[in-house]
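As numbered in this note's numbering, residues 46 to 538 make up the sequence shown, in order.
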Amino acid sequence: MKKTIFIKKVLLPKKSLFQDLIVQLLPQINALTGRKNTPSASTKQKRIFAAKLVIEGLYRCFCSHSYGISLAVPHHSNAYKSGDENKINQVGYRVILSVIDAMDALGWVDRVMGYRTSEDAGETTELRPSGALLEEFKKVGIAWQEMDLISDVIVRRNYDEETKKKYKQNIPKSDVVRSMGANLRKINKFLSKQCICLMIANENFQRLDGEMTFGQRKTLYDFKYEGKFPRYLDLTMVQLRRIFSRNSMKLGGRFYGGWWQFIPKKYRVHITINFMPTREVDYSGLHPYMMYHLDNLPPPEGDMYDIGIWKTDAERARKRPIVKEFFNAIVNDEYGEYQLAKEDKKILGLSNKQLREKLAHKHHLISHRFNSGYGLTLQYEDSKIAERVMLILLKQGIACLPMHDSFIVQAIEGAKVIAAMNQSYKERFGIEIDLKSTFLFDSDEQGKRKHSIQLPLQIDKNGVVDRAALYKMHSENLHNQFCISWQRKVLGT
46 MKKTIFIKKV LLPKKSLFQD LIVQLLPQIN ALTGRKNTPS ASTKQKRIFA
96 AKLVIEGLYR CFCSHSYGIS LAVPHHSNAY KSGDENKINQ VGYRVILSVI
146 DAMDALGWVD RVMGYRTSED AGETTELRPS GALLEEFKKV GIAWQEMDLI
196 SDVIVRRNYD EETKKKYKQN IPKSDVVRSM GANLRKINKF LSKQCICLMI
246 ANENFQRLDG EMTFGQRKTL YDFKYEGKFP RYLDLTMVQL RRIFSRNSMK
296 LGGRFYGGWW QFIPKKYRVH ITINFMPTRE VDYSGLHPYM MYHLDNLPPP
346 EGDMYDIGIW KTDAERARKR PIVKEFFNAI VNDEYGEYQL AKEDKKILGL
396 SNKQLREKLA HKHHLISHRF NSGYGLTLQY EDSKIAERVM LILLKQGIAC
446 LPMHDSFIVQ AIEGAKVIAA MNQSYKERFG IEIDLKSTFL FDSDEQGKRK
496 HSIQLPLQID KNGVVDRAAL YKMHSENLHN QFCISWQRKV LGT
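Now the structure itself:
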């Protein structure tokens, strides 16, 4: 399936890198409209905004390093309506088309026209940068930008049992909700000024693109349709939203939106914050522990997911993530439909029924919560803890990237995130629980590095480091380009 960035999802920077191009574009728009009069100040501002939106959207495509990705822009008036959250509401249909027509005339875009398959469905028009615009993107390279702050930081959704669709609900007005919003806006303001990137070789950005997980798609004329589409890497996506479920402010509430949440887990050890390597610290067995503590019950000793099916560390590394995923899934599975994948059954050597029985035996005190939908309540609890962790660290000037039950910080701040996590859980439940830490340079018991280094040194035929190749590799490295541009803009160095 083709990757697209839907124009409604494009965030705008506080200051565009392509202001000169926007100025060049305006006379072409005026010429194509056929009007001799000078456009009003209002019309001019609308065109500037639309031009900025399209150009920045195309630049996001360029920076994603996703092969064949395009900017999806509907060419039908039904897709645009001010005030309608399900449609493009920040710009008018005629204005956006006048901008795209002008860019097309200048040779700045390749346009593949969309089509309709029915009254309310079809494919959007797709745009890719070309000509002088693409050359300008190449000249700029991958650059850090501070983005405008998002406004809808708290989202409440409901779920239609029949159509299986999710849709937004109004947010209740209360001191608690206002406090949630104020806290998250402070967190987002701080995160938007940090440089959060991936220290991997350039070719591995393309490999990552092929391994990105799937998410929601909204590029059809029916904007309430939610299908699946491959995600793309967008390093400007650092702001978070709290998303609540089932029309309740006490179900869900986890933090979503950061690009680091969408990449495969194996890449997370390569995340950097402000040029520095990071460490990820997890709560071990968070949801099982919370289930016991919420019911004032004593949890069993040891690993919450150890059901006696592994003997070695290697077996544990393969099997434990499957058991964990299965446990958390069946707690939230109201209809008992969740099934192990065939490959997972083979790895565990267990059927669905056998795995359920082993988990029910280990956790007999809380097994009544299986197939109950209780997972959304647990998500609400862990989201409150996550908010507390981020606020504690924010007061210390420490950027913290949430992963629901784990947190990523600069490696040098490892002790502080552990302290914040222990404090937050203890404030809620009066006790501390186990934590585990992952770092790029962690080694196993034999001293062998656990994680791959994805920036291999260039070695010549004599076994000596090729200094020229090393310098070139670093000067052309996308991570370094991105972080150096941040350094210049934010630190002035």
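Using N, Cα and C, we set each Cβ at its ideal position, and we do this for glycine too.
Give me the residue from Met349, Val68, Ser412 with the minimum Cα distance to Asn573. Residue numbering for the chain in the displayed model covers 46 to 538; residue 573 lies beyond these limits and cannot be assessed.
Residue from Glu521, Leu536, Val535 whose Cα sits closest to the Cα of Ile187: Counting from 1 along the sequence shown, the entry for residue 187 is found at position 142. With distances taken between Cα atoms, Ile187 lies closest to Glu521.
Thinking Met321 and Ile457 are a contact (beta carbons under 8 Å), I'd like their distance in whole angstroms, please. Within the sequence shown, the letter at position 276 stands for residue 321. Within the sequence shown, the letter at position 412 stands for residue 457. At roughly 7 Å, the Cβ-Cβ gap stays under 8 Å, so Met321 and Ile457 are in contact.
Determine the contact status of Ile216 and Met257, defining contact as a CB-CB distance below 8 Å. Along the sequence shown, read from residue 1 onward, the residue named residue 216 stands at position 171. Along the sequence shown, read from residue 1 onward, the residue named residue 257 stands at position 212. Ile216 places its beta carbon 8 Å or farther from that of Met257.
Count the other CB atoms, across all protein chains shown, that sit within 10 Å of the CB of Ser196; report buried if there are 16 or more and exposed otherwise. Here the question's residue 196 lines up with position 151 in the sequence shown. Per the 10 Å Cβ criterion, exposed.
Residue range of the unbroken beta strand (DSSP E) whose run includes Pro366: Translated into the one-based positions of the sequence shown, residue 366 becomes position 321. Element bounds for Pro366: not the beta strand (DSSP E) but the alpha helix (DSSP H), 358-377.
Nearest-angstrom Cα separation, counted from Leu285 out to Trp304: Position 259 of the sequence shown holds residue 304. Position 240 of the sequence shown holds residue 285. Spanning the two alpha carbons is a distance of roughly 10 Å.
Compute the distance between the beta-carbons of Ile50 and Ala117, then report whether it is under 8 Å. As a first step, residue 50 must be located in the sequence shown, where it is residue number 5. As a first step, residue 117 must be located in the sequence shown, where it is residue number 72. Closer than 8 Å, so yes.
So what does DSSP say about Gly37, is it helix, strand or coil? What is shown of the chain runs 46 to 538, which leaves residue 37 out entirely.
From Asp149 to Ser451, what distance separates their C-alpha atoms? As a working note, residue 149 is residue 104 in the sequence shown. As a working note, residue 451 is residue 406 in the sequence shown. Asp149 and Ser451: Cα-Cα distance of roughly 46 Å.
Skipping 5 residues on each side, what residues in its chain have a beta carbon closer than 7 Å to that of Glu432? Here residue 432 is taken as the residue at index 387 of the sequence shown, counted from 1. Short of 7 Å from the beta carbon of Glu432, and not among the five residues preceding or following it, lie these beta carbons of its own chain, in chain order: Asn228.
Roughly how many whole angstroms lie between the Cα atoms of Leu342 and Ile375? Here the question's residue 342 lines up with position 297 in the sequence shown. Here the question's residue 375 lines up with position 330 in the sequence shown. Each residue's Cα considered, the two are about 20 Å apart.
So, Lys213 versus Arg223, is the Cβ gap smaller than 8 Å? Position 168 of the sequence shown, counted from the first residue, corresponds to residue 213. Position 178 of the sequence shown, counted from the first residue, corresponds to residue 223. In this structure, Lys213 keeps its C-beta atom at 8 Å or more from the C-beta atom of Arg223.
Leaving aside the five residues before and after Lys53 along the sequence, list all residues of the same chain whose C-beta is less than 6 Å from its C-beta, in chain order. Walking along the sequence shown from the start, residue 53 turns up at place 8. In the same chain as Lys53, and ignoring 5 residues on each side of it, the C-beta atoms closer than 6 Å to its own belong to Ile133, in chain order.
Evaluate the contact criterion for the region 434-449 versus the region 400-412: three or more CB pairs, one atom per stretch, below 8 Å. The region 434-449 makes no contact with the region 400-412: fewer than 3 CB pairs, one atom from each, lie closer than 8 Å.
Boundaries of the alpha helix (DSSP H) in which Asp149 is found, first to last residue: Reading the sequence shown from its first residue, position 104 is the one you call residue 149. Run containing Asp149: 138-150, per the alpha helix (DSSP H) assignment.
Could you check how far apart the C-beta atoms of Val314 and Ser482 are, in whole angstroms? I think they sit under 8 Å. Within the sequence shown, the letter at position 269 stands for residue 314. Within the sequence shown, the letter at position 437 stands for residue 482. The C-beta separation of Val314 from Ser482 comes to about 11 Å, leaving the pair out of contact by the 8 Å criterion.
Can at least three beta-carbon pairs, one atom from the region 405-424 and one from the region 385-392, be found at a separation below 8 Å? No: fewer than three Cβ pairs fall under 8 Å.
Boundaries of the alpha helix (DSSP H) in which Phe527 is found, first to last residue: Taking the first residue of the sequence shown as position 1, residue 527 is located at position 482. Per DSSP, the continuous alpha helix (DSSP H) segment holding Phe527 begins and ends at 523-531.
Per DSSP, what kind of secondary structure is Phe320 in: helix, strand or coil? Translated into positions along the sequence shown, residue 320 becomes position 275. Shown here, Phe320 sits in coil according to DSSP, grouped into three states, outside any helix or strand.
Whole-angstrom Cβ separation of Leu178 and Leu66, contact assumed at under 8 Å? To locate residue 178, count along the sequence shown from 1; it is residue 133. To locate residue 66, count along the sequence shown from 1; it is residue 21. The pair is a contact, with the Cβ atoms about 7 Å apart (cut-off 8 Å).
Backbone secondary structure at Tyr383 - three-state DSSP: By one-based count along the sequence shown, residue 383 stands at place 338. When DSSP states are grouped into helix, strand and coil, Tyr383 belongs to the coil group.
Rounded to whole angstroms, what is the Cα-Cα separation between Val140 and Leu71? The count along the sequence shown starts at 1 and reaches residue 140 at position 95. The count along the sequence shown starts at 1 and reaches residue 71 at position 26. It is roughly 12 Å from the alpha-carbon of Val140 to the alpha-carbon of Leu71.
Starting from Asp279, trace the alpha helix (DSSP H) in both directions and tell me its first and last residue. Start at 1 with the first residue of the sequence shown, and residue 279 comes out as number 234. Premise fails: Asp279 is in no alpha helix (DSSP H) and is neither H nor E.
Rounded to whole angstroms, how far is the Cβ of Gly298 from the Cβ of Tyr425, which I believe are closer than 8 Å? Numbered from its first residue, the sequence shown carries residue 298 at position 253. Numbered from its first residue, the sequence shown carries residue 425 at position 380. Taking 8 Å as the upper bound for CB-CB distance, Gly298 and Tyr425 are in contact here, some 5 Å apart.
If the criterion is Cβ atoms closer than 8 Å, does the pair Arg230 and Val200 meet it? Start at 1 with the first residue of the sequence shown, and residue 230 comes out as number 185. Start at 1 with the first residue of the sequence shown, and residue 200 comes out as number 155. The answer is no: Cβ separation not under 8 Å.
Based on the DSSP secondary-structure assignment, which residues constitute the bridge partners of Phe182? For the purposes of this step, residue 182 is taken as residue 137 along the sequence shown, with counting starting at 1. Looking at the DSSP output, Phe182 bridges to nothing.
Starting from Gln73, follow the alpha helix (DSSP H) in both directions and report where the run begins and ends. Residue mapping note: residue 73 aligns to position 28 of the sequence shown, counting from 1. Gln73 -> alpha helix (DSSP H) spans 64-78.
Does the Cβ-Cβ distance between Ile430 and Ser469 come in under 8 Å? Counting from one through the sequence shown, the residue named residue 430 turns up at place 385. Counting from one through the sequence shown, the residue named residue 469 turns up at place 424. With contacts defined as CB atoms closer than 8 Å, Ile430 and Ser469 qualify as a contacting pair.
Just mark Leu194 as buried or exposed, buried being the case when its beta carbon has 16 or more other beta carbons within 10 Å. Residue mapping note: residue 194 aligns to position 149 of the sequence shown, counting from 1. Flag for Leu194 reads exposed.
Can you check DSSP and say which residues form a bridge with Ala117? The count along the sequence shown starts at 1 and reaches residue 117 at position 72. BP columns for Ala117 point to Phe51, Glu171.
Take Met294 as the anchor and find which of Asp155, Cys528, Phe474, Ser428 has the nearest alpha-carbon. Translated into positions along the sequence shown, residue 294 becomes position 249. Nearest option by C-alpha distance: Ser428.
Reduced DSSP category for Lys269 - H, G, I as helix; E, B as strand; rest coil: For the purposes of this step, residue 269 is taken as residue 224 along the sequence shown, with counting starting at 1. In this prediction, Lys269 scores a pLDDT of 39, lower than 50, which makes its location untrustworthy; the coordinate-derived value is nonetheless stated afterwards. Lys269 falls in the coil class under three-state DSSP.
Inter-residue spacing [alpha-carbon to alpha-carbon] between Asp220 and Pro447: The sequence position of residue 220 within the sequence shown is 175, counting from 1. The sequence position of residue 447 within the sequence shown is 402, counting from 1. Distance between the alpha carbons of Asp220 and Pro447 is about 24 Å.
So Leu232 is in the alpha helix (DSSP H); what residue range does that whole segment cover? The residue you call residue 232 lines up with position 187 of the sequence shown. According to the sequence provided, residue 232 is Ile. The question's Leu does not apply to it. Looking at the DSSP string, the run of the alpha helix (DSSP H) that includes Ile232 is 220-236.
Taking only three categories from DSSP, how would you classify Thr422? In the sequence shown, counting from the first residue as 1, residue 422 sits at position 377. Three-state result, Thr422: helix.
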